[in-house]
Every structure is written in structure tokens, then in C-alpha cells.
Amino acid sequence: MKYKLSIKIACYLMLGMLAIGLYSYSQKNPAVLLRTEISPIDEETFMQLGSYEKNKSKDQNNYQEVSFSLKVNYPNEIENLEVRIPQYFSELFGNDIYLGAKYKESNNKEKYQFIHEAEILLYTGNVTNEEIRNILDEGIVNLSWVYEGENIQQKYNIGDSVIFIK
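In terms of this note's numbering, the sequence shown opens at residue 345 and continues consecutively.
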């Protein structure tokens, strides 16, 4: 009986230590959601391509859309949050693949939230999904911030967040 009680106490102590550790980590580090979805373009987007000067094919299957989303929620204890996406997608993909993009970014300091979104149009006629993933592997998102006077940095690989949607 005492043995079972000792085990229960040890388990509760370990759970308590884990909870304290997780709380401490969440106060020191932002919560980062990085998502990159690649899907075929829809009919409406393809129809808009008809008059586009970079239109390279009459086949809708030769085009894909990349939806890139970076959301960073950070605790108020974090200071000087900087988000750097050093290479624009046009530089990553190059002129043969990259057709255009729409970017949207907001930094709501009252809600402690940073959001960067991009909708990128690609011509992928002779490019495989694996090649697209390899290109995105070269894209790195850098986060840096100050917590209690300490400079902290984290890097996120865009290629690790790729999801292909059929």
C-alpha cells in the first residue's frame, strides 16, 4: 500500500515539474505556426491567367498555388521580436517558375501577434513536387527576441512545413 502511494506521489511530482517547465518555456518562447500549402490553381485563377503576360501554358495542370502562412503569438515578456524572411519567394523560385504573389503582413502589438501571409502563383510544367520542396528547403525564417536581457534566436525551414494538396 505504501509502495503505491509512493509511486502516486512521485508521478504527481513529475507532472508538477513538467507543468512548471512547460509554463516557463511558454513565457520565454513565442508560439510559431508555419504552414506552406501547395495546391493546383482553381478555374477562376486559371481564367485570369489568360491575358497574363507570363502565361506559359494553356494547361491548367501546369500551375500551382503556394499558400504560405507564418503566425507568431508571443507573451508580453518578450521584447524586440524580429521576424526575417530573407529571401523573397521570387528569388527562391526564379523567373522560370515564379509568376507573382500577394503578400499580407500585420504585427498587432496589443494582441502580441505577428502574421505574414503570401499567396504565390507558380508555373510548374516541368517541375516535380519534390523539386518544389527542395527549393523551399533553401528558405529560412529567422526569429529573434529579447527575454530578460538575453538575445534569443530560432530558425525555421520553410521546406519542413510543406503540404501538397491534391
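Even for Gly, the Cβ is constructed at its ideal location relative to N, Cα and C.
If I'm right that E482 touches L414 with Cβ under 8 Å, what's the distance once you round it to whole angstroms? Actually they are not in contact, since the Cβ atoms of E482 and L414 sit about 16 Å apart, beyond 8 Å.
Nearest-angstrom beta carbon gap, I502 and L480 [assumed within contact, 8 Å]: 5 Å
When the Cβ atoms of the stretch 448–455 are set against those of the stretch 468–479, are three or more pairs found closer than 8 Å? no
Is it the case that the stretch 381–392 contacts the stretch 489–501, given that we only count it when at least three CB pairs across the two stretches are under 8 Å? no
Beta strand (DSSP E) runs contained entirely in the stretch 378–418, provided each spans 3 or more residues: 407–417
Who are E449's beta bridge partners in DSSP? H460
DSSP three-state call for N478: helix, strand or coil? helix
Are F508 and N473 touching if we call contact CB-CB under 8 Å? yes
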